[in-house]
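The structure under discussion appears below in the form of C-alpha cells.
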Ligand SMILES: Cc1ncc(C[n+]2csc(CCOP(=O)(O)OP(=O)(O)O)c2C)c(N)n1
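Protein chains in written order, with the working numbering: chain A, -5 to 319; chain B, 40 to 373.
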C-alpha cells in the first residue's frame, strides 16, 4: 500500500491545480477567440482522475487519451507551454499545430494520442500493452474513456482482447454522468459501468473520482497487477464535468439545480481540506504551489503567443514517414 | 420532371430547411423516424427539440454506438420503416462502415430484390474553423465507389429541403451529406410539403460559354464567386451543381462540356481518387472530341486536414484558387 507522503500529496495537488489553471485559461481564450476551433473539451471538475491515475504510473508507461485530454497529458508530465502552443495552432506545439486540442499528443511523456473518435482508444491501448509485452518491457498502458464511450463496440472488443490475452492494461472510465447531452441513464441500462468487467472476468472497481487519494490507491493496485502479469482491470471513477461538453455548448440539458451541486464535488478543495485536517501540508505550502502554478501558466501563455505559425509547405512531409511521396 | 414550382416561400437557413423537410416527411408518413447521438440537443440545429413537435417516439437519442444504430436502421428499413439516421460528423461513418457498405448497399441486390432498404444517413462533412483531421472530411468520393448507395450533396437551403424529402421517399439507402459551413446560409425556401428536388438532376447556376465548372457542396458558392470575378475579365464560366453524385446527371454535364469545350471540377475532398477523378474520366470517355484541353481538377491537398487556421486555409480550394485554375484552363487551351 503506497504511503501518502507529503511529497506525493503535494504532487497530486500541484497536478490538479495545473490542470485547473491551464483549462480555465483555455476557457477564457476560447471565449475571446484567442484559440482557434470550437471543439475544445475541458475537464474542469474532473482533475482528480488523471492526477490520481497518472501518479500511479511510471514515466515510460503509456496513456491513451480522449477528446477531453488536456488533463491526462498534464498529469503524465507534459509541458504546459508546448500544450498551449498546440492549442493556438503554433509550430512549437506538441503536434506542430496540426492536431490542436482534440488530438494533443506528447509521445515523450508516454502519451499515445488524444482521439476525436469516441471509443477508438479502447482498442489501441490493448495494442500498446501487447507491444510492451512483445518487446519484453514491463510497461503498462492506461486507457481513459468516458461513460458514453463505454457503449461502443470497441469497449467490449478491447476488454475482451485484453482479458483473453491478460494484457497489461488499465481501463479507466471517467464517468461524468454524461455523453455530450445524454445522461447516463438514457444511454445505458446499468449504473455502475465497472459491473461489465464481470463479463470478461477481470476486476471491476468503482471509486469516488472526486477523491484523488482514492483514485490513486485503486489505480496503484490495478497498475501493479497489470505490471506483474495479472492482466487488465476496469476502473471506474465517478466524476463531474463543470463546463459544457465543449466550450461552445450552452449546456441547457443540465438544470441549474444540478449545476449548483458541482462545487460540492471540487476535488481540489477536497484535497486541500484533507491536507489541512490531517496535517499532510500547510496552508502556506499550498498557497506557494498555487502561485508557482500560476506563474507557470502565465509563462506558457506568453510562450504560445510568441511562437511562430506553422508553414503549409511542411504539411506534405508529414503525411508519410518517408516525407513527400 | 422539373422540380415542383411552389408559390409560398419562407426565408430559411440550411439547417432550418433540413429541419422542415424532416418535420414535413414525418407528418406525411408515420413510418419515418429519426435516430442519432444527441439529436434532440442537435449540435448544428436541424433536429433541435424536434421530438417536442413530432412526438418522443419519432426522434430517438441513441447511445454512442454508430454500428448499432445504423445497423438497427438497416433492420428497421428492411421491415417497413423509413429511418433517417444522423452521424454527428461524416467522419464517424468510418465507425459503421460494415453497416453502410456491406449491409445497406448490398442487401437489395444480394436478395434478388426481395427487400428494399429505404434508409437515409444524414452526415455533416467539410471543414469548419479548425475542426482538424477527424472532424473535417468530405468522404463523398469514398462512397461513390460503392454501388447501391445514392449520394446527395445539397449546396443550399432549397436543395437541402427538396433533396432530403426525395431521399426520405426513396426506396434505396441514401447518404445525405450536409456541409457544416453551410448550415447558416439562407435563402427563400418553398413551404409546400409536396415540394421536392428530384435526385439525378443537376442545376446550372450560371450559364457560360468558355468553360464548365462542376462544383460540389461547400465549393459551389466559391465556384460561383470565382465565375463572377472571371466574368469581369471576359471569361464566361458555366457553373454546374450536380446536387446528387449518385445518380449523376450525365446529360447536363455532357451538354455543358459540349458547349464550352472545357471542364474544371471543384471539390473539398482530397484530389486523388476524388469526385473530380470520376467526372474527368467520364467526360474524357464520352465527350473527348468536344474537349479543347485536359480536364482540370481543383480539390483539397492529399493530406489530413490540419488544425491550425493558417494550414487549414491552405489546404482546401478557395474562390481565388478556383478562379486561377479556371483561368489557366481557358488560357492554355484557346
Ligand atoms: C465515434 C464518435 N461518435 C460521436 C462523437 C461525438 N462525440 C464526441 S464526445 C461525445 C460524448 C462522449 O461522451 P463520454 O465518452 O462520456 O466522454 P465525456 O465527453 O463525457 O468525457 C460525442 C458523442 C465522436 N467524437 N466520435
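All residues carry an ideal CB built from backbone N, CA and C; glycine is no exception.
Asked                                                                                                                                                                            : Found
Taking DSSP as the reference, what is the three-state secondary structure of residue 361/B?                                                                                      : helix
Could you tell me whether the Cβ of residue 247/A comes closer than 8 Å to any Cβ of chain B?                                                                                    : yes
Relative to ligand 1, is the shortest distance from any of its heavy atoms to the C-beta of residue 113/A smaller than 7 Å?                                                      : yes
Which residues mark the beginning and the end of the alpha helix (DSSP H) in which residue 66/B is found?                                                                        : 53 to 67
Please list the terminal residues of the continuous alpha helix (DSSP H) segment that includes residue 382/A.                                                                    : Because chain A is modelled from -5 through 319, residue 382/A falls outside the range shown and cannot be assessed.
Quick one, are the C-beta atoms of residue 160/B and residue 127/B less than 8 Å apart?                                                                                          : no
For a cutoff of 8 Å on Cβ pairs, would you count residue 103/B as touching chain A?                                                                                              : yes
For residue 141/A, verify whether its CB is less than 7 Å away from any heavy atom of ligand 1.                                                                                  : yes
By the three-class DSSP mapping on this structure, what secondary structure does residue 109/A have?                                                                             : coil
Within the same chain, show all residues whose beta-carbon is closer than 7 Å to that of residue 40/B, passing over the 5 residues directly before and after it, in chain order. : Per-residue confidence for residue 40/B stands at a pLDDT of 43, beneath the threshold of 50, marking its modelled position as unreliable; the derived number appears in the next sentence. 237, listed in sequence order.
For the candidate residues 371/B, 191/B, 212/B, whose alpha-carbon lies nearest to that of residue 154/B?                                                                        : 212/B
Considering just the uninterrupted stretch of the beta strand (DSSP E) at residue 244/B, what are its terminal residues?                                                         : 242 to 245
What does residue 353/B reach in chain A if we use C-beta pairs closer than 7 Å?                                                                                                 : 306
With residue 137/A as the anchor, note down where its beta strand (DSSP E) starts and where it stops.                                                                            : 135 to 140
Using a threshold of 8 Å, state whether the C-beta atoms of residue 224/B and residue 52/B are closer than that.                                                                 : yes
In chain order, which continuous runs of the beta strand (DSSP E) of length 3 or greater are located wholly inside the region 289 to 350 of chain B?                             : 302 to 309, 335 to 339
Using a Cβ-Cβ distance under 8 Å, would residue 40/B count as near chain A?                                                                                                      : Residue confidence is low: residue 40/B scores 43 on pLDDT, short of 50, so the model does not pin down where it sits. Its coordinate-derived value is still stated next. Not closer than 8 Å to any Cβ of chain A, the Cβ of residue 40/B fails to qualify, so no.
Taking the beta carbon of residue 356/B as the centre, do at least 16 other beta carbons fall within 10 Å, making it buried, or is it exposed?                                   : buried
Rounded to the nearest angstrom, what separates residue 289/B and residue 71/A at their Cα positions?                                                                            : 57 Å
Using a threshold of 7 Å, is the CB atom of residue 172/A nearer than that to any non-hydrogen atom of ligand 1?                                                                 : yes
Between the Cα of residue 114/A and those of 131/B, 177/B, 264/B, 147/B, spot the shortest distance and give me the residue it belongs to.                                       : 131/B
Taking DSSP as the reference, what is the three-state secondary structure of residue 91/B?                                                                                       : helix
Who does residue 198/A pair with in a DSSP beta bridge?                                                                                                                          : 228/A
For residue 56/A, which three-state DSSP category applies?                                                                                                                       : strand
Can you grab the Cα-Cα spacing for the pair residue 49/A / residue 228/A, in whole Å?                                                                                            : 17 Å
Should residue 15/A and residue 283/A be called a contact, given that it needs their Cβ atoms to be closer than 8 Å?                                                             : no
Pull up the DSSP beta-bridge partners for residue 75/B, would you.                                                                                                               : 100/B, 125/B
Taking only the alpha-carbon atoms, compute the straight-line gap between residue 108/A and residue 251/B and give it to the nearest angstrom.                                   : 43 Å
Rounded to the nearest angstrom, what separates residue 235/B and residue 54/A at their Cα positions?                                                                            : 59 Å
List in chain order: all unbroken alpha helix (DSSP H) runs of 4+ residues lying wholly within the region 182 to 237 of chain B.                                                 : 196 to 208
Classify residue 146/A as buried or exposed, calling it buried when 16 or more other Cβ atoms lie within 10 Å of its own Cβ.                                                     : buried
For residue 91/A versus residue 99/A, is the C-beta spacing smaller than 8 Å?                                                                                                    : no
At a cut-off of 7 Å, would you count residue 217/B as near ligand 1, judging by its Cβ distance to the nearest heavy atom?                                                       : no
So what does DSSP say about residue 40/B, is it helix, strand or coil?                                                                                                           : Because the pLDDT at residue 40/B is just 43, under 50, the model does not fix this residue reliably, and the value given afterwards should be weighed accordingly. Residue state, collapsed to three classes: coil.
Assuming residue 74/B contacts residue 99/B under a Cβ cut-off of 8 Å, what Cβ separation, rounded to an integer in Å, is found between them?                                    : 5 Å
How big is the Cα-Cα spacing for residue 78/B and residue 105/B?                                                                                                                 : 13 Å
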